[in-house]
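Heads up: the sequence shown begins at 100 in our numbering, then just goes up one per residue. A short write-up of the structure that comes next.
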Amino acid sequence: MLRSLVRLYLVVLIGGAIAIVLINQSFGKLFHGRVTEIERAADSAYAFVLGDYLQRHAGAERAQALAELQKHGRNGFTLLSLADVRPLLSEHSWSELREGKLVLNDDATSYYLPLPDGVVLYAQRNEVSNLDIQALAYGLFALAILLSVILWVHYHWRDLRKLEAAARAFGSGHLSTRAQLSRKSNIYELSQQFNEMARQIEASILHQRDMMHGISHELKTPLARLEFGLALLQSPESPDRQRERQMALRQDVRELDELVTELLTLSRLEQGEDHLVLMRVSVDELLDSVAASMADDVADRSLVLSVSTAGVIQGKPTYHVCDPKLVARALLNLIRNSTRYARQAISLRAEIGVAGALVLTVDDDGPGIPLADRERVFEPFHRLDSSRDRHTGGFGLGLAIVRRVALVHGGDVRLESAASGGARFVMTLPALPLPVPVKDAAS
């Protein structure tokens with residue numbers, strides 16, 4: 100702190116000294132006309148008395164009169180002719196001198212006083228030097244600057260120490276630590292940025308912890324089944340029973356493969372927009388492709404899947420810029436989720452929303468999702484209490500992938516209640532600029 104204080108003080112002190120020197124050296128020239136008028140008004144009586152005194156001592160007596168003046172002053176009087184003065188003055192100053200006015204030179208350190216008989220009195224304006232008083236004045240000036248700097252640094256440094264303590268505590272593992280500073284603080288905005296950074300890091304670390312816990316939990320069950328199945332294969336059984344064991348093992352391997360695929364997809368989406376492949380996509384063809392992919396699964400469950408683009412401009416092909424594979428993956432996850440709970444029907448609808456955004460809605464007529472669980476359904480590995488078995492609940496990654504797809508497109512996804520009482524998922528994808536070069540894709 101002392102080093103910072105000394106540096107700041109020296110910078111302010113040197114800056115103040117330079118400013119004082121510039122003012123003393125340049126302001127007389129910059130404001131020469133105004134200074135001259137002020138001096139004329141202030142010294143009018145002095146100039147009148149001085150001129151009258153010299154007029155009463157003409158000729159040879161004038162030199163003796165000037166010598167007498169020198170004994171009572173320090174002006175250094177000199178008598179000059181108009182011819183001698185003319186080269187020393189500007190046109191404006193020469194005109195004023197010819198009009199009988201007192202004229203100051205450019206730096207206002209001397210003056211020319213015209214006398215009625217054509218002689219010009221030149222005098223130096225020697226001011227009395229009081230070095231001790233000036234030193235005291237400048238010393239008080241430096242002290243005032245020092246006290247001001249100390250006062251400013253005190254409050255500034257106090258807040259910096261608070262921010263440093265918060266950073267140290269956060270780095271030690273106290274992820275909930277935040278910097279608490281007054282809004283009047285000089286570094287309040289910096290503290291807010293630190294708090295936002297700490298909040299995001301805390302959320303990311305907690306998310307990673309939850310992900311690791313969920314991954315370990317999800318891997319544990321199929322691995323245990325695989326180990327148990329391999330042990331059973333070593334026991335003597337009929338060929339048909341052995342084939343059943345092998346089929347079960349293959350199913351567990353496929354389950355592990357599907358889990359790893361879902362995790363890789365989610366991990367890629369967590370990296371943001373860098374992996375987006377934007378294309379100009381036909382909305383109608385995208386929805387038809389998704390519906391065709393789910394046709395067998397929907398039919399196996401005796402459900403009806405309806406696709407509607409009534410909200411899109413009718414009679415004209417509608418296009419939207421997005422990553423078609425990711426959007427299709429999100430829609431497939433939403434429909435698969437609906438097939439687990441729907442009683443009879445599922446609907447997929449597309450609309451054009453505000454500012455050209457594409458609004459995709461998936462409804463089902465199932466039991467719906469309680470309000471308290473609507474935010475958590477988008478968390479990885481989260482399953483509702485009524486669907487924790489994998490036959491209905493999957494891995495709990497499908498809706499998390501849907502949310503990440505919406506976020507990397509700059510949109511969002513929300514869960515509402517459908518008109519039938521079931522769940523309604525609404526994904527909004529804002530209008531994005533066309534990529535260059537433009538790619539067209541059907542799905």
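For glycine and all other residues, C-beta sits at the position ideal for the given N, C-alpha and C.
Neighbourhood of residue i by C-beta, 7 Å cutoff - its chain only, sequence neighbours within 5 removed
i, result
"residue 112", "241 and 244"
"residue 497", "432, 435 and 436"
"residue 213", "196, 199 and 219"
"residue 139", "200 and 201"
Residues near residue i by beta carbon distance below 6 Å, same chain, minus five either side
i, result
"residue 458", "450, 452 and 527"
"residue 135", "203"
"residue 509", "529"
"residue 269", "276 and 297"
Alpha carbon of residue i to alpha carbon of residue j, nearest angstrom
i, j, result
"residue 115", "residue 122", "11 Å"
"residue 392", "residue 431", "8 Å"
"residue 422", "residue 248", "57 Å"
"residue 489", "residue 380", "At residue 489, the pLDDT of 43 sits below 50, so the modelled position is not reliable and the matter cannot be decided from this model."
"residue 351", "residue 336", "20 Å"
"residue 402", "residue 389", "16 Å"
"residue 325", "residue 440", "29 Å"
"residue 105", "residue 151", "58 Å"
"residue 216", "residue 178", "12 Å"
"residue 399", "residue 475", "29 Å"
"residue 145", "residue 182", "25 Å"
"residue 394", "residue 387", "10 Å"
"residue 129", "residue 102", "39 Å"
"residue 120", "residue 193", "29 Å"
"residue 231", "residue 143", "31 Å"
"residue 132", "residue 158", "34 Å"
"residue 180", "residue 246", "55 Å"
"residue 236", "residue 250", "21 Å"
"residue 137", "residue 283", "45 Å"
"residue 295", "residue 418", "37 Å"
"residue 271", "residue 319", "32 Å"
"residue 492", "residue 267", "Its pLDDT being 49, under 50, residue 492 is placed unreliably in this model, and the coordinates cannot settle the point."
"residue 170", "residue 149", "15 Å"
"residue 124", "residue 254", "37 Å"
Within 8 Å, strictly: CB atoms of residue i and residue j
i, j, result
"residue 332", "residue 344", "yes"
"residue 514", "residue 447", "no"
"residue 293", "residue 323", "no"
"residue 382", "residue 360", "no"
"residue 454", "residue 529", "yes"
"residue 377", "residue 531", "yes"
"residue 161", "residue 153", "yes"
"residue 479", "residue 309", "yes"
"residue 406", "residue 438", "no"
"residue 222", "residue 176", "yes"
"residue 329", "residue 304", "no"
"residue 544", "residue 156", "With the chain covering 100 to 542 only, the question about residue 544 has no answer from this structure."
"residue 252", "residue 107", "yes"
"residue 211", "residue 184", "yes"
"residue 504", "residue 425", "yes"
"residue 420", "residue 533", "yes"
Cβ neighbours of residue i in the same chain (closer than 8 Å, five flanking residues each side left out)
i, result
"residue 501", "429, 432, 433, 477, 512, 524 and 526"
"residue 467", "516, 517, 520, 521 and 522"
"residue 262", "278, 280, 286, 289, 290 and 293"
"residue 347", "324 and 328"
"residue 233", "none"
Per DSSP, cross-strand counterpart(s) of residue i
i, result
"residue 154", "Residue 154 pairs with nothing; no bridge assigned."
"residue 213", "219"
"residue 527", "458 and 511"
"residue 378", "421"
"residue 65", "For residue 65 there is no data in the structure shown, the boundaries of the chain being 100 and 542."
"residue 451", "457"
"residue 179", "219"
"residue 203", "210"
"residue 290", "In the DSSP output, where bridge partners are listed per residue, residue 290 has none listed."
"residue 463", "445"
"residue 516", "522"
Cβ-Cβ separation, residue j to residue i (assumed contact under 8 Å), whole Å
i, j, result
"residue 202", "residue 188", "7 Å"
"residue 297", "residue 276", "7 Å"
"residue 462", "residue 442", "Incorrect: roughly 12 Å between the Cβ atoms, too far for contact."
Short CB-CB distance (under 8 Å) between residue i and chain B
i, result
"residue 198", "Reference to chain B is not applicable here, since this structure consists of a single protein chain."
Proximity test, residue i beta-carbon vs the ligand FMN heavy atom, cut-off 7 Å
i, result
"residue 248", "Absence of the ligand FMN is noted for the structure shown, with no ligands found whatsoever."
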